[in-house]
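A.B. asks: In this text, residue positions in the sequence shown follow the working numbering: the first is 961, and each later residue adds one.
Beta carbons: idealized from backbone N, C-alpha and C, even for Gly.
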Amino acid sequence: MAPKTDNLVARHEYILRRLQETGGVEVDELCNTLGASVATIRRDLEDLESRSLLRRTRGGAVPIGPLFYEPFRHDNSFQDKINSFAEEKRRIAQAASGLVSTGQTVALSGGTTTTEVVRCLRVLTGISIITNTVNVAMELSSRKDIEVIVTGGHLRGSWFTLVGPLATAGAEMLFSDIMFIGVDGIDAKKGLTCTNPSEAEVLRKLVHNAKVKVVVADHSKLGSVSKYLLCPTKEIDRLITDTGASASAIAPFKKLGIDVTLV
C-alpha cells in the first residue's frame, strides 16, 4: 500500500523498498503511485541521494552499487560469493528487514546475506546496528539517523570481519533486540557453523546476548556442517530461507520448534 503523499518519511521508505524489490524506480511511476507532484518526487530523490541511499538517473533512480567491494572486482572467489543465490538472498533480506522496528538494536554477523539485510534496513530510521563487520559499518557511514556500533578487533580481510581478543571482549558487552546470523552451514543436530575459529568466538558472544536470534541462509546451507560451532540450533528462534528448500530439509528445524519462513 502506497503512503499518503504528505508523509515524507513514508514516501522515502516506499521509494527505497521499491528500489530493493525492482532495482530501479521512475519519477512518473512514483508520482502516479504516491499521488505526489513531479517536484515533490524529485526533491525526495535528491534528498535520498544526498544521504547516499540511491543514485539518480534520467527520469528516476537506481540503488547505490557496492563500491566498497571495488578492490575485489577481479577476485573470482569473492565474486562467486556475491553472485551465489543472489536473488534468493535479496528475498531473504527483505523478509528479515520486516522483523525490525524503529528504536530496536540489531546485531548482524558478516556475510553476503546479512549485507543484503543491511541494505534493506537502510529504509528505517532510529535503529542501532551492532556488527563486527567493516563493510556493514561502511555501508551505513553516511547515515546520521542510524547508530552504528563496531566491536573492534583486528581485520580478517577475506570478508571484512573484525576478530580476536578485542572483538570478543567488545561483543561480550553488547546486547541486541534481534540478531541476523549468516552461516556457512546449519544442521538441526550439529548446530550453526562457520569456517573461522576466531569469528566463531566473536559471534557466539553476540548470539548469546541477542533476545531474538534469526538465521538468514539460502537453501544450500541447510543440512551443511562447517568447522566451528556458533551455537546449537535449538537456541534459534527463526530461520528465513528460500523456496528452493525442500520439505525434508526444513522439517528437522520445525521439529525443534523453530519458526521457518520460506521466501
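Given that a residue counts as buried once 16 or more other Cβ atoms are within 10 Å of its Cβ, and exposed if not, what is Lys-1181?
C.D. replies: Residue numbering aside, residue 1181 sits at position 221 when the sequence shown is read from its first letter. It is buried - the Cβ of Lys-1181 has at least 16 other Cβ atoms within 10 Å.
A.B. asks: Let me know the secondary structure DSSP gives Ser-1136 once reduced to three states.
C.D. replies: Here residue 1136 is taken as the residue at index 176 of the sequence shown, counted from 1. Of the three classes helix, strand and coil, the one that applies to Ser-1136 here is strand, per DSSP.
A.B. asks: Rounded C-beta distance between Ala-1131 and Val-1162? I'm assuming under 8 Å.
C.D. replies: As a working note, residue 1131 is residue 171 in the sequence shown. As a working note, residue 1162 is residue 202 in the sequence shown. With a Cβ gap of about 5 Å, Ala-1131 and Val-1162 count as contacting.
A.B. asks: Taking Ile-1210 as part of the alpha helix (DSSP H), name the residues at either end of that continuous run.
C.D. replies: As a working note, residue 1210 is residue 250 in the sequence shown. Residues 1207–1215.
A.B. asks: Quick one: Cα of His-1114 to Cα of Glu-986, how far?
C.D. replies: Position 154 of the sequence shown holds residue 1114. Position 26 of the sequence shown holds residue 986. The straight-line gap from Cα to Cα measures roughly 43 Å.
A.B. asks: Classify Glu-981 as buried or exposed, calling it buried when 16 or more other Cβ atoms lie within 10 Å of its own Cβ.
C.D. replies: Taking the first residue of the sequence shown as 1, we reach residue 981 at position 21. Per the 10 Å Cβ criterion, exposed.
A.B. asks: Buried or exposed for Ala-1148, please, with buried defined as at least 16 other CB atoms from any protein chain shown within 10 angstroms of its CB.
C.D. replies: Taking the sequence shown and counting its residues from 1, one reaches residue 1148 at position 188. By the neighbour-count rule (16 or more Cβ atoms within 10 Å), Ala-1148 is buried.
A.B. asks: Can you tell me the Cα-Cα spacing of Glu-1048 and Val-1223, whole angstroms?
C.D. replies: Against the sequence shown, residue 1048 aligns to sequence position 88. Against the sequence shown, residue 1223 aligns to sequence position 263. Rounded to the nearest angstrom, the two C-alpha atoms are 8 Å apart.
A.B. asks: Can you tell me whether Glu-1076 is buried or exposed, with buried defined as 16 or more other CB within 10 angstroms of its CB?
C.D. replies: One-based indexing of the sequence shown puts residue 1076 at position 116. Classification of Glu-1076: buried, given that the 10 Å Cβ count is 16 or more.
A.B. asks: Identify, in the order they occur along the chain, each residue of the same chain with its Cβ nearer than 8 Å to the Cβ of Val-1094, setting aside the five sequence neighbours on each side.
C.D. replies: Here residue 1094 is taken as the residue at index 134 of the sequence shown, counted from 1. Val-1110, Leu-1115, Phe-1120, Thr-1121, Leu-1122, listed in sequence order.
A.B. asks: At the level of alpha carbons, what is the spacing between Thr-1128 and Ala-1211?
C.D. replies: Within the sequence shown, the letter at position 168 stands for residue 1128. Within the sequence shown, the letter at position 251 stands for residue 1211. Those two C-alpha atoms are separated by around 34 Å.
A.B. asks: Spell out the partners DSSP gives Ile-1252 in its beta bridges.
C.D. replies: Here the chain covers residues 961 to 1223 and nothing more, so residue 1252 does not appear.
A.B. asks: Tell me whether the beta-carbon of Asn-1290 lies closer than 7 Å to the beta-carbon of Phe-1140.
C.D. replies: This structure does not reach residue 1290, given that the chain is present from 961 up to 1223, and the question cannot be answered.
A.B. asks: If you draw a straight line from the alpha carbon of Val-1066 to that of Gly-1217, how long is it in whole angstroms?
C.D. replies: Here residue 1066 corresponds to residue number 106 of the sequence shown, with the count starting at 1. Here residue 1217 corresponds to residue number 257 of the sequence shown, with the count starting at 1. Between Val-1066 and Gly-1217, the C-alpha separation is close to 23 Å.
A.B. asks: Taking Pro-1192 as the reference, which of Ala-1177, Lys-1173, Ala-1207, Ser-1208 has the closest Cα?
C.D. replies: Translated into positions along the sequence shown, residue 1192 becomes position 232. Closest by alpha carbon: Lys-1173.
A.B. asks: Going by alpha carbons, who is nearest to Ala-1053 out of Gly-1204, Gln-1064, Thr-1074?
C.D. replies: Along the sequence shown, read from residue 1 onward, the residue named residue 1053 stands at position 93. Answer by Cα proximity: Thr-1074.
A.B. asks: Which residues in the same chain have their Cβ closer than 7 Å to the Cβ of Thr-1062, if we skip the five residues on either side of it in sequence?
C.D. replies: On the sequence shown, residue 1062 is found 102 positions in, with the first residue counted as 1. Closer than 7 Å at Cβ, skipping near neighbours: Leu-1084, Thr-1085, Gly-1086, Ile-1087.
A.B. asks: Would DSSP call Leu-1222 helix, strand or coil?
C.D. replies: Counting from 1 along the sequence shown, the entry for residue 1222 is found at position 262. In this structure, Leu-1222 counts as strand in the three-state DSSP scheme.
A.B. asks: Can Ala-1160 and Leu-1190 be called in contact, C-beta distance under 7 Å?
C.D. replies: As a working mapping, residue 1160 is identified with position 200 in the sequence shown. As a working mapping, residue 1190 is identified with position 230 in the sequence shown. Yes; because the gap between Cβ atoms is below 7 Å, this pair is in contact.
A.B. asks: If you compare alpha carbons, which of Lys-1187, Arg-1018, Lys-1215, Leu-1008 is closest to Ser-1158?
C.D. replies: Here residue 1158 corresponds to residue number 198 of the sequence shown, with the count starting at 1. Among Lys-1187, Arg-1018, Lys-1215, Leu-1008, the Cα nearest to that of Ser-1158 belongs to Lys-1187.
A.B. asks: Where in the region 1157–1202 do unbroken runs of the alpha helix (DSSP H), each at least 4 residues long, occur, reported from the N-terminal end onward?
C.D. replies: As far as the region 1157–1202 is concerned, its whole alpha helix (DSSP H) runs of at least 4 residues are 1157–1168.
A.B. asks: If we count the other Cβ atoms within 10 Å of its Cβ and call it buried at 16 or more, is Arg-1051 buried or exposed?
C.D. replies: Within the sequence shown, the letter at position 91 stands for residue 1051. The residue is buried, with at least 16 neighbouring Cβ atoms inside 10 Å.
A.B. asks: Exposed or buried, what is Ser-997 when buried is set at 16 or more other beta-carbons lying within 10 Å of its beta-carbon?
C.D. replies: Here residue 997 is taken as the residue at index 37 of the sequence shown, counted from 1. So Ser-997 ends up on the exposed side.
A.B. asks: Leu-1084 by DSSP, collapsed to three states: which one?
C.D. replies: Here residue 1084 corresponds to residue number 124 of the sequence shown, with the count starting at 1. Leu-1084 falls in the coil class under three-state DSSP.
A.B. asks: Over what stretch of residues does the beta strand (DSSP E) that includes Thr-1153 continue unbroken?
C.D. replies: Taking the sequence shown and counting its residues from 1, one reaches residue 1153 at position 193. Looking at the DSSP string, the run of the beta strand (DSSP E) that includes Thr-1153 is 1151–1154.
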